[in-house]
Amino acid sequence: MMARQGAALRYAIVGAGMAGILAAIKLRQNGEDFTVFEKADRIGGTWRENRYPGLTCDVPAHAYTYSFEPYPEWRAFYATGGEIQTYFEAVVAKYGIGPAIRFGAEVTALDWNEPTAQWTVMLASGEREAFDVIIAASGVLHHPRVPALPGLDSFAGPAFHTAQWVDDAPIDGARVGLIGCGSTGVQIVTAINTRVANLVHFQRSPQWIMPVPQFAYTDEERAAFRADPALIDAIRFSDEYLGNVRRFTDAITDIDGPQMHAIEQICLENLETSVKDPELREKLRPNYRAACKRLIYSWCYYDAVQHPAVHVETGRIAQIEPQGVRMEDGTFHPLDTLVLATGFQADRFIRPAGVTGRDGLTLDAFWARRPTAHYAVTLPGFPNFFMLNGPTGPVGNFSLIDIAERQWAYVDQLIDILRQGQGRSIAPLPAAHADYEARRIAAARTTIFGSGCSSWYLDDEGVPASWPWSYDAFADAMSRPRLEEYAISA
Ligand code: NA7
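According to my numbering, the sequence shown holds residues 422 to 911 in order.
Structure (structure tokens):
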């Protein structure tokens, strides 16, 4: 085989959400040749798909931007989904990424070809094209999880998942049922409680609520942010934000430490002091530790749920009937609209696209037990294949943009080997990955996520599918790949 020496690499980026746009900008700045494949007709990923009332990012807006592209225009401390979509569209326009994106181009398969050291990208249209490098940026919470509730199809009114919001579904003055109280369900309660005739919130497990401030930025403040970006830096790089990220990751990894006790105390006090009716308070009291499920940040949920139009139903659903929901105790809730805030299949990643690596190894086979990636980025047997926000990366109440940028820094150093013609392909050594994964699993079991609750963080064996060490350990790991853990083929 000849080394690539000097030949330009061709990159396929799968997905035009936050991480795909990041990769595209970085490659554009480097003058490289890439195509972004996006199955939808617009950019934005999760912020394009989700349009439910109350959609807000629980990371402070100024911290939820690319580090190189601060945004003075945020209207409030926490931004709405619509504003975030506008931000990404503005960034794509500014960097001229649009022409490199193929919309309506769903990647159905990726096949590694050893003799050419290239991937064949196959699209739903039947088109095929060869690329040297795959950047898999297809998102985490992407495939709705629709529960198999008996009779769901028989419901007479609109019944839909939150990521497939039906704009003309009756909400105003209507009887609405909402199943699920993760971040999505909670945000919807806060947005529609005053619009509905009544809202039945079906709550299988209550949530701990971390109280956070929300406030609007004034025109004067936005003008000041435009005039002096240091004012934005003072927010996004502040101890209040970055310090919180560190304290939070310390808490989830040291579950009997002072940071975790502080979080538990704040959440408990929030429940005790905010919810006046003792019966409702007990309904809303979780029986697991704070931050075991993804902690919900809210400034208004407890107020919203105490609105007279809201009824928290903690019984078990027996079946869905054409006119409403029947509970196991026989209670019937007549409804006009049924909203499923039931979360996502968090183990899919780039699937259902079929990925076939070296020696016919498929991603389904490699992930038969659980999705995994070396330091959340690369996979043994899948050369020149790099994941952004892939499995076992950090998850928590902090910016995934920052996580993706750090992962890009790691990926970029690995790709440099190819760029410089030092090899035609690079993939982690199976033994190195097995060692990482064994250490990760052992540590993950001891994090707060493994402390005894159900959540989308857990894999089928109950192991938290996350980075189990500190934020600084992640930053350090991403700053310099350990090349001795990689096989480089000439
Ligand atoms: P989540 O956090 O996965 O929450 C899903 C909710 O749906 C949760 O309350 C579940 O209860 C509930 N659920 C799921 N299936 C059922 C059935 N069959 N019956 C009753 N209740 C059910 O999803 P979200 O969309 O809220 O948030 C996902 C992430 O998006 C969030 O963490 C942020 O990162 C952004 P359970 O707790 O399992 O008892």
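Virtual Cβ for every residue (Gly too), placed ideally from N, Cα, C.
(message) With distance defined between alpha-carbon atoms, name the residue in Gly781, Met543 and Cys713 nearest to Ile869.
(response) The residue labelled residue 869 in the question sits at position 448 within the sequence shown. Considering only alpha carbons, the answer is Cys713.
(request) Report the rounded CA-to-CA distance for Ala651 versus Glu459, giving the unit in angstroms. (result) To locate residue 651, count along the sequence shown from 1; it is residue 230. To locate residue 459, count along the sequence shown from 1; it is residue 38. Cα to Cα, the separation comes out at about 35 Å.
(request) Would you mind giving the Cβ-Cβ distance between Pro474 and Ala612, rounded to the nearest angstrom? I have them listed as a contact below 8 Å. (result) Along the sequence shown, read from residue 1 onward, the residue named residue 474 stands at position 53. Along the sequence shown, read from residue 1 onward, the residue named residue 612 stands at position 191. The distance from the Cβ of Pro474 to that of Ala612 is about 4 Å, consistent with a contact at the 8 Å cut-off.
(message) What would DSSP say about Gln539, mapped onto helix, strand or coil?
(response) Numbered from 1 along the sequence shown, position 118 holds the residue referred to as residue 539. Here Gln539 sits in strand by DSSP.
(request) Label Ala500 either buried or exposed according to how many other C-beta atoms from any shown protein chain fall within 10 Å of its C-beta, with 16 as the threshold for buried. (result) Indexing the sequence shown from 1 puts residue 500 at position 79. Answer is buried; the Cβ neighbour count reaches 16.
(message) What would DSSP say about Val480, mapped onto helix, strand or coil?
(response) As a position in the sequence shown, residue 480 is number 59, starting the count at 1. Coil, per DSSP.
(request) Find out if the Cβ-Cβ distance for the pair Ser900, Pro815 is shorter than 9 Å. (result) Walking along the sequence shown from the start, residue 900 turns up at place 479. Walking along the sequence shown from the start, residue 815 turns up at place 394. Their beta carbons are not under 9 Å apart, which means Ser900 does not touch Pro815 by this criterion.
(message) Taking a contact to mean a Cβ-Cβ separation below 9 Å, would you say Ile836 touches Leu430 in this structure?
(response) The residue you call residue 836 lines up with position 415 of the sequence shown. The residue you call residue 430 lines up with position 9 of the sequence shown. Their beta carbons are under 9 Å apart, which means Ile836 touches Leu430 by this criterion.
(request) Please report the Cβ distance between Ala848 and Gly802, rounded to the nearest whole angstrom; I am assuming they are in contact, meaning their Cβ atoms lie under 8 Å. (result) As a first step, residue 848 must be located in the sequence shown, where it is residue number 427. As a first step, residue 802 must be located in the sequence shown, where it is residue number 381. Ala848 to Gly802, Cβ: 7 Å. Contact.
(message) Excluding the 5 residues flanking Thr777 on each side, which residues of the same chain have their C-beta closer than 6 Å to its C-beta?
(response) As a position in the sequence shown, residue 777 is number 356, starting the count at 1. Asp532 and Thr783, listed in sequence order.
(message) Does Asn708 pass the burial test, meaning 16 or more other C-beta atoms within 10 Å, or should it be called exposed?
(response) Here residue 708 is taken as the residue at index 287 of the sequence shown, counted from 1. Exposed, since its Cβ has fewer than 16 Cβ neighbours within 10 Å.
(message) Tell me which residue opens and which closes the beta strand (DSSP E) that Trp829 is part of.
(response) By one-based count along the sequence shown, residue 829 stands at place 408. No beta strand (DSSP E) contains Trp829, which is instead part of the alpha helix (DSSP H) from Leu821 to Arg840.
(message) Just to confirm my understanding: we take Glu826, look at its own chain, exclude 5 residues before and 5 after, and list those with CB closer than 8 Å. What are they?
(response) Taking the first residue of the sequence shown as 1, we reach residue 826 at position 405. Excluding residues within five positions, the ones whose Cβ falls inside 8 Å are Leu443, Tyr487 and Ser488.
(request) Provide the residue span of the alpha helix (DSSP H) that contains Asp640, from first to last. (result) Stepping through the sequence shown from its first residue, residue 640 is reached at position 219. First-last of the alpha helix (DSSP H) with Asp640: Asp640 to Ala648.
(message) Are there any heavy atoms of ligand 1 lying less than 8 Å away from the beta-carbon of Leu879, as far as the coordinates show?
(response) As a first step, residue 879 is located in the sequence shown; it is residue number 458 there, counting from the start. Not so, every heavy atom of ligand 1 lies at least 8 Å from the Cβ.
(request) Would you check if the distance between the CB atom of Val554 and the CB atom of Val731 is smaller than 9 Å? (result) On the sequence shown, position 133 is the one that residue 554 refers to. On the sequence shown, position 310 is the one that residue 731 refers to. Not closer than 9 Å, so no.
(message) Give me, in chain order, the residues of the same chain whose beta-carbon lies closer than 6 Å to that of Tyr723; leave out the 5 immediate sequence neighbours on both sides.
(response) For this step, residue 723 is matched to residue 302 along the sequence shown. Once the five neighbours on either side are set aside, the close Cβ partners of Tyr723 are Ser695 and Val696.
(message) Tell me whether the stretch 624–637 and the stretch 785–805 touch, counting them as touching only if at least three CB pairs, one residue from each stretch, are closer than 8 Å.
(response) no
(message) Between the alpha carbons of Gly871 and Ala767, how many angstroms are there, rounded?
(response) Sequence index remark: in the sequence shown, residue 871 carries index 450 (1-based). Sequence index remark: in the sequence shown, residue 767 carries index 346 (1-based). Taking the straight line joining both Cα atoms gives about 16 Å.
(message) If I follow the unbroken beta strand (DSSP E) through Ala739, where does it start and stop?
(response) For this step, residue 739 is matched to residue 318 along the sequence shown. Its beta strand (DSSP E) spans residues Ile738 to Glu742.
(message) Given this structure, state the Cα-to-Cα distance separating Thr745 from Tyr831, to the nearest angstrom.
(response) Taking the first residue of the sequence shown as 1, we reach residue 745 at position 324. Taking the first residue of the sequence shown as 1, we reach residue 831 at position 410. Checking the displayed sequence, the identity of residue 745 turns out to be Gly instead of Thr. When rounded, the distance between both Cα atoms is 51 Å.
(message) Classify Ala898: buried if its beta carbon has 16 or more other beta carbons within 10 angstroms, exposed otherwise.
(response) For the purposes of this step, residue 898 is identified with residue 477 of the sequence shown, where counting begins at 1. Buried is the call here.
(request) Using 10 angstroms around the beta-carbon of Asn810, count the other beta-carbons present and answer buried if the total reaches 16, otherwise exposed. (result) For the purposes of this step, residue 810 is identified with residue 389 of the sequence shown, where counting begins at 1. The residue is buried, with at least 16 neighbouring Cβ atoms inside 10 Å.
(request) Between the Cα of Gln585 and those of Asp833, Thr763, Asp881 and Tyr878, spot the shortest distance and give me the residue it belongs to. (result) By 1-based counting over the sequence shown, the position of residue 585 is 164. Taking only the C-alpha atoms, the option nearest Gln585 is Thr763.
(message) I need the straight-line Cα distance from Gly441 to Val435, nearest angstrom please.
(response) In the sequence shown, residue 441 corresponds to position 20, counting from 1. In the sequence shown, residue 435 corresponds to position 14, counting from 1. Their backbone Cα atoms lie some 7 Å apart in a straight line.
(request) Work out the CA separation of Leu701 and Ile673 for me, nearest whole Å. (result) For the purposes of this step, residue 673 is taken as the residue at position 252 of the sequence shown. For the purposes of this step, residue 701 is taken as the residue at position 280 of the sequence shown. Approximately 28 Å, taken between the alpha carbons.
(message) Below 8 Å on the Cβ atoms is my contact criterion, and I expect Gln624 with Glu734 to pass it. Report the Cβ-Cβ distance as a whole number of Å.
(response) In the sequence shown, the residue the question calls residue 624 occupies position 203. In the sequence shown, the residue the question calls residue 734 occupies position 313. Sure, about 7 Å apart at Cβ, within 8 Å.
(request) Per DSSP, which residues does Val733 bridge with? Please list them. (result) Here residue 733 refers to the residue found at position 312 when the sequence shown is read from its first residue. Paired residue(s): His622.
(message) Quick check: what's the CA-CA separation for Pro885 versus Leu716?
(response) Indexing the sequence shown from 1 puts residue 885 at position 464. Indexing the sequence shown from 1 puts residue 716 at position 295. The straight-line gap separating the alpha-carbon atoms of Pro885 and Leu716 is approximately 15 Å.
(request) Examine chain D for any beta-carbon lying closer than 9 Å to the beta-carbon of Arg549, and answer yes or no. (result) No chain D appears in this structure, which consists of one protein chain only.
(request) Would you kindly check if the distance between the Cβ of Val760 and the Cβ of Phe576 is under 9 Å? (result) Working through the sequence shown from its first residue, we reach residue 576 at position 155. Working through the sequence shown from its first residue, we reach residue 760 at position 339. Contact flag unset, no.
(message) Considering Cα atoms alone, identify which of Asp675, Leu850 and Arg903 is closest to Thr867.
(response) Walking along the sequence shown from the start, residue 867 turns up at place 446. The shortest C-alpha separation from Thr867 is found at Asp675.
(request) Given a cut-off of 9 Å, decide if Cys874 and Arg912 are closer than it, judged by their beta-carbon atoms. (result) The chain is shown from 422 up to 911; residue 912 falls before or after that span and cannot be answered.
(request) Could you pull out every residue in the same chain whose Cβ sits closer than 7 Å to the Cβ of Ala545, ignoring the five residues on either side in sequence? (result) Position 124 of the sequence shown holds residue 545. Counting only Cβ-Cβ distances below 7 Å, and skipping sequence neighbours, we find Glu527 and Thr529.
(request) Flag this pair as yes or no: are the beta carbons of Ala558 and Trp540 separated by less than 9 Å? (result) Working through the sequence shown from its first residue, we reach residue 558 at position 137. Working through the sequence shown from its first residue, we reach residue 540 at position 119. No. Outside cutoff.
(message) Taking 6 Å as the limit between beta carbons, can you name the residues of its chain near Leu904, skipping five residues before and five after?
(response) By 1-based counting over the sequence shown, the position of residue 904 is 483. Same-chain partners within the cutoff: there are none.
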